[in-house]
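Protein sequence lines, in the order shown, are assigned to chains X and P.
To convert, count from 1 in the first sequence and add 103; that's the working numbering.
To convert, count from 1 in the second sequence and add 3; that's the working numbering.
Even glycine gets a Cβ: it sits at the ideal position worked out from N, Cα and C.
Everything numeric in this text was worked out from a predicted model, so none of it was measured.
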Amino acid sequence: YQKLQTDFEHSRLNQAVTKVHLNIIYDILLQQDSIDLGAGEFVTPQEDSSATLSESLMDRLNDQMMESVMISDSPNNSEEDDVGPIDSFLDGGLEENGSSGNKKEESEIGQNTTEIKVPVDQKEQECTKDDIKEEIDIEEQIQIVVSPQSEAHSPVVIKSEDPEHQSPKGTSPKDEPVPVCTIFSQGTQPKSLAPDGFQPTLIKSPSFTTGSGGGSDEAVTPSKMTAPLVCQPSPSLSKFFTDNGQANPASDFFDSFTAPSSFISISNPNADVSPASTPAPLSFTPEHQPPTPVSVFGPTVTEPTTKPQSPISQTVPSLNLASSTPQAQPFNQLQAVFSGTDDPFATALSLSEVDRRHDAWLPCEETRKMLISVATQQYGPAYVDTNRLTMPGLKFDNLQGDAVKDLMVRFLGEQAAMKRQVLTASSVEQSFVGLKQLVSSKNWRAAVDLTGRLLTAHGQGYGKAGQPTSHTTDSLQLWFVRLALLTKLNLFQNAELEFEPFGNLDQPDLYYEYYPSVYPGRRGSMVPFSMRLLHAELPQYLAKPQEALDRLHNLKTVCLAILENLEKGSAEDGSMITLTQENRQASLKLWRSRLSRVMYSMANCLLLMKDYILAVETYHSIIQYEPQQRVQLLSGIGRIFLQVGDVKMAEVYFQDVEKSCQMKARDPTHTTCVLMNRAFVYLSQNSYAEAHASFLEVLKIDPRHPVTNNNAAVCLLYLGRLKESLGQLEGLVQQDPALYLHESVLFNLTTMYELESSRSTQKKQALLEAVACREGDSFNTQCLKLV
Amino acid sequence: MMRLTKPTLFTNLPVTCEDRDLPGDLFGQLMRDDPSTIKGAETLMLGEMLTLPQNFGNIFLGETFSSYISVHNDSSQVVKDILVKADLQTSSQRLNLSASNSAVAELKPESCIDDVIHHEVKEIGTHILVCAVSYTTQCGEKLYFRKFFKFQVLKPLDVKTKFYNAETDEVFLEAQIQNITTSPMFMEKVSLEPSMMYNVTELNIVTSGDQGESTFGKMSYLQPMDTRQYLYCLKPKPEYAEKAGVIKGVTVIGKLDIVWKTNLGERGRLQTSQLQRMAPGYGDIRMSVEMIPETVNLEEPFDITCKIINCSERTMDLQLEMCNTRTVHWCGISGRQLGKLTPGASLLLPLTVFSSVQGLQSISGLRLTDTFLKRTYEYDDIAQVCVVCPFLNNEC
């Protein structure tokens with residue numbers, strides 16, 4: 104019966120085929136080379152001519168609207184009916200086929216294809232059948248092949264709850280003593296971990312409170328929610344809260360006193376600028392042992408001044424150190440003399456130029472009024488509506504994942520995976536020094552964990568969002584680093600979630616004026632400018648580019664207003680403070696560079712939105728702020744045009760680049776730039792050989808230029824020289840892994856491995872090994888295409 | 004097999020901070036060390052690093068399908084007489100795309116046979132790339148296998164046209180072209196190739212001085228789902244315009260030739276089929292006004308020239324009658340014979356007329372009678388003229 108049915112289908116199919124052939128003949132006769140885009144009234148012999156004619160006439164008579172020109176090809180619409188049976192037929196045909204041939208399925212480049220190995224003699228038998236219905240035979244296979252479009256890369260979203268990330272690290276934390284250090288020596292301080300000369304670290308994650316190492320696992324799990332977090336405001340802030348206890352839930356206070364843990368705090372270097380104004384903390388914290396100089400910043404900072412517990416900023420790096428510290432010192436003494444923070448004279452004096460320059464910001468009207476009323480002591484900050492307060496907290500717990508290691512366990516076995524050594528949040532000093540170490544070694548996930556610990560110590564840990572807290576320069580810097588790293592890790596949703604409590608970064612408690620006793624005389628925004636920028640950029644990565652643009656425009660407006668204020672002769676915020684010429688120039692320079700940075704972000708955002716016209720305009724306008732980047736910007740605009748497909752306009756811009764390069768002194772980077780642009784134009788003209796030659800010319804100037812090496816290899820592939828291309832890239836990765844273990848290069852390499860052979864996994868695993876010994880936990884394993 | 008669409012430029016994700024922030028120069032250093040950033044302008048998102056296509060992507064009618072075919076010997080044996088055949092099966096035909104059809108003598112382990120094929124897709128719908136490989140093992144066993152890669156060719160553009168007939172012989176063509184792909188499209192060329200009867204003027208460029216500027220602005224690209232209107236003016240060539248009979252009924256106007264480019268110059272080209280237009284019917288005789296002044300003085304005779312064309316298939320013997328209307332008064336004798344007019348022939352007719360009323364006046368009242376068939380054709384409102392009072396001007 105089945106056979107009968109198949110035969111029947113065969114005959115139907117044959118009809119379809121002949122019909123198609125008729126079509127072709129017709130095409131050739133009439134249409135010749137042109138692709139048949141038969142207009143509505145175009146009558147093909149296959150169609151029911153009377154119907155079409157009358158229909159088209161009707162159209163013309165009734166309808167003065169646009170006529171739709173059908174871009175239809177020889178298979179007319181009517182044939183869709185005939186196509187249907189092919190599919191149903193295929194099911195039958197497939198079964199037949201499956202039983203006769205040796206079928207082996209394998210997948211390649213994401214497509215399921217069927218490979219049929221048939222001994223030739225057997226094939227020849229089939230051939231007779233094929234001769235008759237060759238067309239059909241081919242059609243039979245359709246069903247097997249999965250549409251290639253189905254291949255899609257779904258972004259891997261790492262959730263904190265993901266069990267994979269709870270898995271313990273290679274070296275089980277239980278065996279290892281946890282680096283618990285506190286200033287308040289409670290006897291749990293393991294000496295082994297304090298490196299030579301290190302002072303006890305100030306900070307301690309609450310997850311270590313149980314004393315034994317097992318605690319660190321708890322920190323990973325969300326169950327931590329149930330265990331009360333110990334959080335303490337820094338001493339200076341504690342004072343702040345004792346003054347205005349109303350704002351603080353009583354439970355928080357009880358926590359700080361009754362928790363069986365050691366006292367955890369984070370020092371706030373800037374808060375201690377005027378110790379005279381904050382004498383309270385000492386009395387507030389009985390466990391406090393003032394003689395030990397404590398610092399988040401590690402041992403390097405020892406300041407033999409009048410106030411041993413005030414650590415002088417590593418946060419405020421060289422620039423600030425150089426200019427503000429010497430200045431600040433006498434002022435502090437002055438303040439000690441005056442001993443009243445309200446004294447306007449002392450306040451004005453303590454204003455550091457650099458602080459003012461960098462922290463300047465223009466709050467919205469409402470916030471501004473509130474800050475004024477706080478400053479004039481109309482009412483204390485405690486009376487501020489909680490809606491207007493910023494109450495951040497970690498929204499997810501430790502990421503602690505190392506995707507490279509997970510892959511190693513999966514493909515190379517546990518033993519090989521054991522060899523991978525990366526820094527974790529626990530293996531570095533629990534301070535800014537450790538944080539920097541993690542960031543520079545590209546262990547960003549661990550660095551995010553560490554920021555989490557440090558923020559937890561500051562009372563802004565997991566689940567603390569929505570609870571009153573206070574902000575310091577450091578806490579906001581920590582948030583900035585954390586959110587920046589999340590963004591770098593493409594964990595945009597997480598970053599957005601944690602950014603949420605900050606609102607639009609314009610609440611009164613994010614300004615120094617809100618804390619007159621902690622930061623006497625200091626004005627401006629606690630939120631670093633980079634964090635505002637990050638906040639503005641973030642929505643564009645979450646498919647909300649319009650929102651990002653709105654925020655960026657706000658930033659731009661403020662930058663422009665500040666620049667205007669400076670040019671008018673007043674201070675950044677418009678107040679009538681006379682600035683020295685030098686300071687004004689420095690301020691102008693800083694704010695111009697900030698403006699240009701905002702413009703860059705806007706242009707990048709527009710580029711993501713594919714609004715090429717505005718993107719090009721914006722990039723072009725940056726040249727006035729960054730004249731030294733003219734060549735790069737013009738080349739970039741040229742590349743945008745190439746991306747759009749407008750090769751001619753791209754060439755116009757590239758010619759501009761060549762002109763500006765000729766005007767300047769001979770700079771090898773400019774020559775490479777010109778050659779590179781030429782290569783891209785060749786590429787766009789499908790002249791891969793010429794493009795390759797241009798890339799080679801760049802390599803003559805700079806043989807180690809990573810982009811060019813990669814691009815030359817890509818050209819080779821388009822020239823049909825797969826083996827050479829592979830050889831070149833492999834060589835590069837082996838010789839100079841620091842440069843070539845880059846996502847894009849590895850992506851190209853693995854793509855070519857997949858093309859080369861169906862046994863590409865082995866070679867990919869070799870790459871994984873190379874990655875494992877060099878890259879940190881932030882490595883994007885997707886480019887290895889192992890999973 | 005791997006489809007060779009154009010490579011893409013790697014974009015990086017700039018995260019920066021200032022020297023004064025906690026990480027100090029760390030983020031800046033990380034970005035400078037990243038090979039994919041632009042040195043000296045790290046915050047520029049669009050890099051220079053080329054990355055290979057990540058997936059098959061979409062392919063559209065008129066684009067070129069390029070593909071890399073690599074046959075790799077994964078085994079440890081040398082194989083002989085390898086023949087690689089790449090055929091493209093469409094719903095209507097089967098094309099051989101292989102560069103060479105000769106067999107390769109032998110293929111060592113870990114070596115491969117490479118071929119890059121190109122094909123301009125000319126059909127919509129399912130295409131199957133069939134790669135067939137036959138070879139002989141060392142034992143002399145002849146083996147054969149095939150692989151199939153199926154893909155869909157989609158329609159990239161939606162084209163709609165509309166004709167506007169001017170009072171003269173001119174025809175205006177408005178073509179709406181919509182990008183129905185998912186990526187921006189640079190329209191490199193959208194031109195109307197007229198049929199032999201017409202001359203075409205493109206009305207998509209505003210010329211100011213030497214340089215013409217496109218009416219579509221500086222960047223000539225179409226975002227997904229955007230539509231753009233192109234306008235063309237078609238004038239019949241003089242030799243055809245004379246033969247009125249030719250431009251009658253359904254005529255072929257020409258076809259649109261569209262060339263577009265996308266990422267890094269990926270090119271596509273389409274032509275529409277011949278666009279056809281139903282010429283407006285003029286009946287048997289067509290009368291048009293060749294010359295008429297714009298402004299005339301009140302009650303002052305002026306000359307107009309009419310053209311009469313015989314659009315019918317037969318010779319006519321015409322008689323002209325001029326009937327005065329309330330405002331327009333004809334000078335000369337009404338009812339005069341114009342003589343015989345053969346099919347397609349034309350006749351220029353100078354006439355004199357004056358108006359008795361000021362304002363914009365319509366010229367009406369001409370009647371042609373074919374004496375053979377005793378059929379009368381009426382021509383009213385053939386032109387307008389502005390009538391002014393000359394004395395009023397002087398007084399002012």
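**Asked** Excluding five sequence neighbours on each side, which residues of the same chain lie with their C-beta closer than 8 Å to the C-beta of X/SER847?
**Response** Walking along the first sequence from the start, residue 847 of chain X turns up at place 744. The answer, listed in chain order, is ASN813, CYS886.
**Asked** If contact means a Cβ-Cβ distance below 9 Å, which residues of the segment 43-54 of chain P contact chain X?
**Response** If the cut-off is 9 Å between Cβ atoms, the segment 43-54 of chain P has GLY43, ALA44, THR46, LEU47, MET48, LEU49, GLY50, GLU51, MET52, LEU53, THR54 near chain X.
**Request:** Please list the residues of the segment 648-680 of chain X that have a C-beta atom closer than 8 Å to any C-beta atom in chain P, keeping them in chain order.
**Result:** none
**Asked** Helix, strand or coil: how does DSSP classify X/HIS561 here?
**Response** In the first sequence, counting from the first residue as 1, residue 561 of chain X sits at position 458. Residue state, collapsed to three classes: coil.
**Prompt:** Residue range of the alpha helix (DSSP H) that X/LYS659 falls in?
**Reply:** Position 556 of the first sequence holds residue 659 of chain X. From DSSP, the alpha helix (DSSP H) with X/LYS659 extends over 648-671.
**Request:** Find the residues of chain X that neighbour P/THR140, judging by a C-beta separation of less than 7 Å, and give them in chain order.
**Result:** Here residue 140 of chain P refers to the residue found at position 137 when the second sequence is read from its first residue. The contacting residues do not exist; P/THR140 stays about 11 Å from chain X at best.
**Prompt:** Going along the chain, which residues of the segment 206-235 of chain P sit with their C-beta nearer than 8 Å to a C-beta in chain X?
**Reply:** GLY220, LYS221, MET222, SER223, TYR224, GLN226
**Asked** Mapping DSSP to helix, strand and coil, what is X/SER696?
**Response** Here residue 696 of chain X corresponds to residue number 593 of the first sequence, with the count starting at 1. In this structure, DSSP gives X/SER696 a helical state, which the three-state scheme calls helix.
**Request:** Classify X/MET511 as helix, strand or coil using the three-state DSSP reduction.
**Result:** Against the first sequence, residue 511 of chain X aligns to sequence position 408. Three-state result, X/MET511: helix.
**Item:** Span of the beta strand (DSSP E), counted from its first residue to its last, around P/TRP263
**Value:** Translated into the one-based positions of the second sequence, residue 263 of chain P becomes position 260. P/TRP263 -> beta strand (DSSP E) spans 253-264.
**Prompt:** So, does the CB of X/ALA721 fall closer than 9 Å to a CB anywhere in chain P?
**Reply:** Translated into the one-based positions of the first sequence, residue 721 of chain X becomes position 618. Per the sequence shown, the amino acid found at residue 721 of chain X is Thr instead of Ala. Cβ-Cβ to chain P under 9 Å: no for X/THR721.
**Prompt:** In whole angstroms, what separates the C-alpha of P/ARG289 from that of P/MET188?
**Reply:** Looking up residue 289 of chain P in the second sequence gives position 286. Looking up residue 188 of chain P in the second sequence gives position 185. Distance between the alpha carbons of P/ARG289 and P/MET188: 45 Å.
**Prompt:** What is the rounded straight-line gap between the Cα of P/SER94 and the Cα of P/THR129?
**Reply:** Taking the first residue of the second sequence as position 1, residue 94 of chain P is located at position 91. Taking the first residue of the second sequence as position 1, residue 129 of chain P is located at position 126. Going from the Cα of P/SER94 to the Cα of P/THR129 covers about 7 Å.
**Message:** My assumption, with CB atoms under 8 Å, is that P/LYS401 sits in contact with P/TYR138. Please give the rounded CB distance.
**Reply:** The question about residue 401 of chain P has no answer, for chain P in this structure spans 4 to 399.
**When P/LEU132, P/THR374, P/GLU297 are compared against P/ALA386, the one with the closest alpha-carbon** = Position 383 of the second sequence, counted from the first residue, corresponds to residue 386 of chain P. The option with the nearest alpha carbon to P/ALA386 is P/GLU297.
**Message:** Please report whether the beta-carbon of X/SER365 lies at a distance below 9 Å from any beta-carbon of chain P.
**Reply:** Stepping through the first sequence from its first residue, residue 365 of chain X is reached at position 262. Here X/SER365 scores only 34 on pLDDT, less than 50, and its place in the model is too uncertain to base an answer on.
**Item:** Secondary structure of X/SER476, DSSP reduced to three states
**Value:** Start at 1 with the first residue of the first sequence, and residue 476 of chain X comes out as number 373. Reduced to three states, the DSSP call for X/SER476 is helix.
**Request:** Report yes if the CB atom of P/LEU371 is closer than 9 Å to the CB atom of P/ILE307, and no otherwise.
**Result:** Position 368 of the second sequence, counted from the first residue, corresponds to residue 371 of chain P. Position 304 of the second sequence, counted from the first residue, corresponds to residue 307 of chain P. Not in contact: P/LEU371 and P/ILE307 (Cβ atoms no closer than 9 Å).
**Message:** Please confirm whether X/THR864 has its beta-carbon closer than 9 Å to some beta-carbon of chain A.
**Reply:** The structure shown contains no chain A; its protein chains are X and P.
**Asked** Can you tell me whether DSSP reads P/GLU173 as helix, strand or coil?
**Response** In the second sequence, counting from the first residue as 1, residue 173 of chain P sits at position 170. It is coil, neither helix nor strand.
**Item:** Length-filtered (4 minimum) alpha helix (DSSP H) runs lying within the segment 527-614 of chain X
**Value:** 535-543, 547-560, 576-591, 595-602
**Prompt:** Just how far apart, CA to CA, sit P/ALA89 and P/ASN15?
**Reply:** Numbered from its first residue, the second sequence carries residue 89 of chain P at position 86. Numbered from its first residue, the second sequence carries residue 15 of chain P at position 12. P/ALA89 and P/ASN15: Cα-Cα distance of roughly 38 Å.
**Identified DSSP bridge partners for P/ASP209** = In the second sequence, residue 209 of chain P corresponds to position 206, counting from 1. Checking the displayed sequence, the identity of residue 209 of chain P turns out to be Val instead of Asp. DSSP, once it has assigned bridges, lists P/GLU216 as partnering P/VAL209.
**Asked** Taking Cβ-Cβ distances shorter than 8 Å, what residues in chain P pair up with X/GLU859?
**Response** Along the first sequence, read from residue 1 onward, the residue named residue 859 of chain X stands at position 756. Near X/GLU859 (Cβ distances below 8 Å), the residues of chain P are SER73, HIS75, CYS115.
**Asked** To which residues does DSSP link P/ILE306 through a beta bridge?
**Response** Here the question's residue 306 of chain P lines up with position 303 in the second sequence. The sequence shown places Asp at residue 306 of chain P, not Ile. According to DSSP, which records beta bridges pairwise, P/ASP306 is partnered with P/THR355.
**Boundaries (first-last residue) of the beta strand (DSSP E) holding P/VAL156** = By one-based count along the second sequence, residue 156 of chain P stands at place 153. Counting along the chain, P/VAL156 sits inside the beta strand (DSSP E) bounded by residues 145-157.
**Prompt:** Hey, quick one: how far does the beta strand (DSSP E) through P/PRO239 stretch, first residue to last?
**Reply:** Stepping through the second sequence from its first residue, residue 239 of chain P is reached at position 236. Looking at the DSSP string, the run of the beta strand (DSSP E) that includes P/PRO239 is 230-239.
**Selection from P/LEU301, P/GLN92, P/TYR235 that minimises the alpha carbon distance to P/PHE394** = Numbered from 1 along the second sequence, position 391 holds the residue referred to as residue 394 of chain P. Closest by alpha carbon: P/LEU301.
**Asked** Hey, out of X/GLN865, X/ARG459, X/LEU786, whose CA is closest to X/TYR615's CA?
**Response** Indexing the first sequence from 1 puts residue 615 of chain X at position 512. With distances taken between Cα atoms, X/TYR615 lies closest to X/ARG459.
**Asked** Which bits of chain P does X/ARG742 rub up against, with CB to CB less than 8 Å?
**Response** Position 639 of the first sequence, counting from 1, holds the residue named residue 742 of chain X. Per Cβ cutoff of 8 Å: LEU12, LEU49, GLU51.
**Item:** Proximity test, Cβ basis, 9 Å: P/PHE30 and chain X
**Value:** Here residue 30 of chain P refers to the residue found at position 27 of the second sequence. So yes, P/PHE30 belongs to the interface.
**Message:** Could you tell me the alpha carbon to alpha carbon distance between X/VAL874 and X/VAL507, rounded to whole angstroms?
**Reply:** The sequence position of residue 874 of chain X within the first sequence is 771, counting from 1. The sequence position of residue 507 of chain X within the first sequence is 404, counting from 1. So the alpha carbons of these two residues sit roughly 8 Å apart.
**Prompt:** Since P/THR67 contacts P/THR11 with CB under 8 Å, what's their CB separation in whole angstroms?
**Reply:** As a position in the second sequence, residue 67 of chain P is number 64, starting the count at 1. As a position in the second sequence, residue 11 of chain P is number 8, starting the count at 1. At roughly 17 Å, the Cβ-Cβ gap does not stay under 8 Å, so P/THR67 and P/THR11 are not in contact.
**Where the segment 118-129 of chain P meets chain X: residues whose CB sits under 8 Å from a CB there** = ASP118, VAL119, LYS125, GLU126, ILE127, GLY128, THR129
**Asked** Hey, would you say X/GLY739 sits closer than 9 Å to P/ALA44, going by beta carbons?
**Response** Position 636 of the first sequence, counting from 1, holds the residue named residue 739 of chain X. Position 41 of the second sequence, counting from 1, holds the residue named residue 44 of chain P. Yes, these two residues count as a Cβ contact at 9 Å.
**Asked** Would DSSP call X/GLU640 helix, strand or coil?
**Response** The residue labelled residue 640 of chain X in the question sits at position 537 within the first sequence. Looking at X/GLU640 - three-state DSSP - the assignment turns out to be helix.
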